[in-house]
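**Student:**
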Amino acid sequence: MRRQSDELHLVTVLPPLAYNVYPVAPVATGAAVAAVTHQWDAQRRAEEHQAAEVLKAAVDLVCTQHNKVPRDLVHTKALPAAGGASGVAESLVEYARAHAIELAVVGCRGMGSLQRSLMSFIGLGSVSDHCSHHMPCPTLVVRGDDAVLGRGLMQADEAHPPQSAQPKRVMVCCDDSPHAHAALLWTLDNAMQPHDHLILAVVGSPVPFPILDEPSTVAAMQSAQYRDEAAAATAAARDVAERCAAAAQRRGVGKTKITIAALPPGGSAGDVGASLCKHAKTEGVDMMVAGSRGMGAITRSLLGLVGMGSVSDHLAHNSCCPLLVVKGVAGGGDGPDPDLGEGGGGREGTAALQAMSSTLRPITEGDGSEASSMQ
1 MRRQSDELHL VTVLPPLAYN VYPVAPVATG AAVAAVTHQW DAQRRAEEHQ AAEVLKAAVD
61 LVCTQHNKVP RDLVHTKALP AAGGASGVAE SLVEYARAHA IELAVVGCRG MGSLQRSLMS
121 FIGLGSVSDH CSHHMPCPTL VVRGDDAVLG RGLMQADEAH PPQSAQPKRV MVCCDDSPHA
181 HAALLWTLDN AMQPHDHLIL AVVGSPVPFP ILDEPSTVAA MQSAQYRDEA AAATAAARDV
241 AERCAAAAQR RGVGKTKITI AALPPGGSAG DVGASLCKHA KTEGVDMMVA GSRGMGAITR
301 SLLGLVGMGS VSDHLAHNSC CPLLVVKGVA GGGDGPDPDL GEGGGGREGT AALQAMSSTL
361 RPITEGDGSE ASSMQ
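Mind the numbering: the sequence shown is residues 1 to 375 in this note's numbering, read in order.
Right, here's the structure in full:
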């Protein structure tokens, strides 16, 4: 995705200081204060030295081995210490805001939802989750494979030698929301190369499963009604996929480079995410793209209790390939967006919504015949 003139910022966050106070009596003596201060200084110098070594290895990697990025386009920064996963992520978010970063790339440990919840109680939650929901720019979440995990930076590079640019298979998770529209448009403008293949996947809207505790005749009618509703939801998903495909064609993507997929309805955010992950693995996708509503942690937790949590969170921790999370429309979180003022978007947000809606306008009959034969 990187172009020749793009700047590259390599950023690390220093760990928080360990505040240990020795049992010196009285504690407030000059000797005790000097001992504690000396320990803090020594710890900080050691951590800054370690951060400098990490950044030096990363600079050597990108400037001399991989893409041979010009040194004047590479910037390094060790950010101040911040406590907990949210503190580390917030430092990265503030750096992205201050330097007008246009794409953030973070790693992911691939923890399960239960493990993430338990670790978040002690401040060791997921940095990638916080970044994907709060970064002012799209966030690319990359999970390391077995050839990389457990190795140092240079050893991991030996396992993945530099390769020439190959066509990518990019899967965009679409629906009829403005957030998904923004993710699609950003991908078409910034992530797609001429020879890349675009896969548009849409999961049908949830259909309540009937409770079959009635007599056999009633149960048969309810089952038939469920099948009809599921078929209608899948047809509606295909219609959305075809409109997205038409928008991609208008942006210059060839018809033969587009594949659409209408997946069966999912009952919850986890079901939707599982369907998308399964389809991505089947298609051999190199990168997934999903929109984000920008919900806050409390909103995500409460909606997760009723099966309406974050699909992008599920994809980030379970996908078989890197995930690009695009926040499209402000005002989707716990409160109004600070950049747009009160009201969750204002005039600029309304204009963006109208622009995306016009871009994904319903296709005509002539476009429909082409889109229907796209498979």
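Backbone N, C-alpha and C define an ideal beta-carbon position, used for all residues, glycine too.
1. So which of Met171, Leu14, Lys68 and Val59 has the shortest CA-CA distance to Leu324?
2. Can you tell me whether Glu53 is buried or exposed? The criterion is at least 16 other CB atoms within 10 Å of its CB, across all chains shown.
3. Under a Cβ-count criterion, where at least 16 other Cβ atoms within 10 Å of its own Cβ denotes burial, should Val33 be classed as buried or exposed?
4. State the beta-bridge partners of Ser292 as determined by DSSP.
5. Short check: CB of Leu55 to CB of Val106, under 9 Å?
6. Report buried or exposed for Gly254, applying the criterion of at least 16 other Cβ atoms within 10 angstroms of its Cβ.
7. Between Leu14, Leu184 and Arg169, which lies nearest to Pro322 when the distance is taken from Cα to Cα?
8. Decide yes or no for the touch test of the region 276-294 against the region 66-79: beta carbon pairs closer than 8 Å, at least 3 of them.
9. Let me know if Ser132 comes out buried or exposed under the rule of 16 or more other beta-carbons within 10 Å of its beta-carbon.
10. Quick check on the DSSP output: the alpha helix (DSSP H) that includes Gly30 runs from which residue to which?
11. Per DSSP, Arg143 is paired with what?
12. Run through DSSP, which three-state label would Met171 get?
13. Cβ atoms of Val272 and His314: under 9 Å apart, would you say?
14. Return the CA-CA distance between Arg3 and Ser223, expressed in angstroms with no decimal places.
15. Once the 5 residues before and after Ala237 are set aside, which same chain residues still bring their CB inside 6 Å of it?
16. Give the DSSP-derived three-state secondary structure of Leu79 in the structure shown.
17. From Pro265, Met135, Val240 and His181, pick the residue whose C-alpha is nearest to that of Val207; which is it?
18. What residue range does the alpha helix (DSSP H) around Leu200 cover?
19. Enumerate in chain order the residues of its own chain whose CB-to-CB distance from Glu365 is below 7 Å, with the five nearest sequence positions on each side excluded.
20. Assuming contact is defined by CB atoms lying nearer than 9 Å, are Ile199 and Thr259 in contact in what I supplied?
21. Note down the Cα distance separating Leu184 from Cys244, rounded to an integer number of angstroms.
22. So, for Ala290: in the same chain, excluding its five sequence neighbours on each side, which residues have a beta-carbon less than 7 Å away from its beta-carbon?
23. Using a Cβ-Cβ cutoff of less than 7 Å, which residues in the same chain neighbour Val74 once the five nearest sequence positions on both sides are dropped?
24. The beta strand (DSSP E) with Leu263 in it runs from where to where?
25. Return the bridge partner residues of Met287 from the DSSP annotation.
26. DSSP three-state call for His9: helix, strand or coil?
27. Mapping the DSSP letters down to three states, classify Val88 as helix, strand or coil.
28. As a quick exercise: from Met192, His197, Cys320 and Ala100, pick the residue whose alpha carbon is nearest that of Ala274.
29. With DSSP collapsed to three states, give me the class of Val207.
30. If I follow the unbroken alpha helix (DSSP H) through His134, where does it start and stop?
**Tutor:** Checking against the coordinates, here is how it stands:
1. For the purposes of this step, residue 324 is identified with residue 324 of the sequence shown, where counting begins at 1. Selected option, being the one with the closest Cα: Met171.
2. For the purposes of this step, residue 53 is taken as residue 53 along the sequence shown, with counting starting at 1. With fewer than 16 Cβ atoms within 10 Å of its Cβ, Glu53 is classed as exposed.
3. Along the sequence shown, one-based indexing puts residue 33 at 33. Per the 10 Å Cβ criterion, exposed.
4. Translated into the one-based positions of the sequence shown, residue 292 becomes position 292. DSSP, once it has assigned bridges, lists Lys327 as partnering Ser292.
5. Taking the first residue of the sequence shown as 1, we reach residue 55 at position 55. Taking the first residue of the sequence shown as 1, we reach residue 106 at position 106. Cβ distance not < 9 Å, so Leu55 and Val106 don't count as in contact.
6. Position 254 of the sequence shown, counting from 1, holds the residue named residue 254. It counts as exposed.
7. For this step, residue 322 is matched to residue 322 along the sequence shown. Ranking the options by Cα distance to Pro322, first place goes to Arg169.
8. no
9. Here the question's residue 132 lines up with position 132 in the sequence shown. Ser132 comes out buried.
10. Here residue 30 refers to the residue found at position 30 of the sequence shown. Counting along the chain, the alpha helix (DSSP H) containing Gly30 begins and ends at Gly30 to Asp60.
11. Your numbering for residue 143 matches position 143 in the sequence shown. Paired residues: Cys108.
12. For this step, residue 171 is matched to residue 171 along the sequence shown. The answer is strand: DSSP assigns Met171 an E or B state.
13. What you label residue 314 is simply residue 314 of the sequence shown in a count that begins at 1. What you label residue 272 is simply residue 272 of the sequence shown in a count that begins at 1. Their beta carbons are under 9 Å apart, which means His314 touches Val272 by this criterion.
14. Residue mapping note: residue 3 aligns to position 3 of the sequence shown, counting from 1. Residue mapping note: residue 223 aligns to position 223 of the sequence shown, counting from 1. Rounded to the nearest angstrom, the two C-alpha atoms are 53 Å apart.
15. Your numbering for residue 237 matches position 237 in the sequence shown. Within the same chain, Ala237 has close Cβ partners Val202, Gly204 and Ala262.
16. Numbered from its first residue, the sequence shown carries residue 79 at position 79. Strand.
17. Here the question's residue 207 lines up with position 207 in the sequence shown. Residue Pro265 is the option with its Cα nearest to Val207.
18. Your numbering for residue 200 matches position 200 in the sequence shown. Looking at the DSSP string, Leu200 is not in any alpha helix (DSSP H); the run it does join, the beta strand (DSSP E), is His197 to Val203.
19. As a first step, residue 365 is located in the sequence shown; it is residue number 365 there, counting from the start. Residue placement at Glu365 is flagged as unreliable, the pLDDT there being 36, under the threshold of 50; a coordinate-derived value is accordingly withheld.
20. Here residue 199 corresponds to residue number 199 of the sequence shown, with the count starting at 1. Here residue 259 corresponds to residue number 259 of the sequence shown, with the count starting at 1. Yes, the Cβ-Cβ distance between Ile199 and Thr259 is below 9 Å.
21. For this step, residue 184 is matched to residue 184 along the sequence shown. For this step, residue 244 is matched to residue 244 along the sequence shown. One C-alpha to the other measures close to 8 Å.
22. Residue 290 sits at position 290 when you count from the first residue of the sequence shown. Within the same chain, Ala290 has close Cβ partners Cys173, Ala183, Val311, Ser312, Leu315, Leu323 and Val325.
23. Along the sequence shown, read from residue 1 onward, the residue named residue 74 stands at position 74. Closer than 7 Å at Cβ, skipping near neighbours: Leu8, Leu10, Val59, Val62 and Cys63.
24. Looking up residue 263 in the sequence shown gives position 263. Looking at the DSSP string, the run of the beta strand (DSSP E) that includes Leu263 is Ile258 to Leu263.
25. Within the sequence shown, residue 287 is the residue found at index 287, counting from 1. Answer is Val170, bridged to Met287.
26. Residue 9 sits at position 9 when you count from the first residue of the sequence shown. Strand.
27. Walking along the sequence shown from the start, residue 88 turns up at place 88. Correct three-state label for Val88: helix.
28. For this step, residue 274 is matched to residue 274 along the sequence shown. Ranking the options by Cα distance to Ala274, first place goes to Cys320.
29. As a working mapping, residue 207 is identified with position 207 in the sequence shown. Val207: coil per DSSP, three-state reduction.
30. Within the sequence shown, the letter at position 134 stands for residue 134. Val127 to His134 is the span of the alpha helix (DSSP H), which, as asked, contains His134.
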